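Numbering (this note's numbering), first residue to last: 253 to 392.
Note that CB positions come from ideal geometry on N, CA and C, so glycine has one too.
Predicted model only: the values in this text are computed from it and were never measured.
This is the structure we're talking about:
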């Protein structure tokens, strides 16, 4: 399992030297998500594919205000998948699963890393690969 979240207290400073605590204000720092597998492992070239990325740390902050994420683009503050440099919106299913639809061009050159982000900015770097193969190739 992924490491636990850490509660950090917040302090503010008007000048970067003197800090004042903010009563009852905390920030929860979550560990980076860690993907370890993708299902299915690949698809035939030229076809979009729904994939589930298995891993640890796919959590959203409890009590955070809801963010309405667009279904057509990866945006800041929203979960995303990235394959072959193409970022697409994702849905957090559970603490161990995140889903997205990869476009037909993802992994078009064969194998490509697939990574996840909980905020549309920082992506994992697990090295999990996704494959787009032509109809005659087998997935390896």
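Cα-Cα separation between residue i and residue j, rounded to whole angstroms
{"i": "residue 376", "j": "residue 277", "result": "28 Å"}
{"i": "residue 323", "j": "residue 287", "result": "22 Å"}
{"i": "residue 356", "j": "residue 362", "result": "12 Å"}
{"i": "residue 268", "j": "residue 297", "result": "53 Å"}
{"i": "residue 343", "j": "residue 311", "result": "11 Å"}
{"i": "residue 246", "j": "residue 374", "result": "Lying before the first or after the last residue shown, residue 246 is absent from the chain, which here runs from 253 to 392."}
Buried versus exposed call for residue i [16 or more other C-beta atoms within 10 Å across all chains shown]
{"i": "residue 367", "result": "buried"}
{"i": "residue 354", "result": "buried"}
Contacts around residue i, its chain only, beta-carbon distance under 8 Å, and the 5 residues preceding and following it disregarded
{"i": "residue 321", "result": "327, 329, 330, 331 and 341"}
Member of the options whose CA lies at the smallest distance from the CA of residue i
{"i": "residue 265", "options": "259, 273 and 258", "result": "273"}
{"i": "residue 365", "options": "284, 271, 338 and 299", "result": "338"}
{"i": "residue 283", "options": "308, 297, 271 and 289", "result": "308"}
{"i": "residue 291", "options": "352, 270, 262 and 258", "result": "352"}
{"i": "residue 262", "options": "269, 268, 270 and 279", "result": "279"}
{"i": "residue 384", "options": "325, 346 and 303", "result": "303"}
{"i": "residue 371", "options": "305, 345, 346 and 333", "result": "333"}
Cβ-based neighbour list, residue i, same chain, cut-off 6 Å, excluding 5 preceding and 5 following
{"i": "residue 301", "result": "295 and 354"}
{"i": "residue 271", "result": "263 and 265"}
{"i": "residue 257", "result": "280 and 282"}
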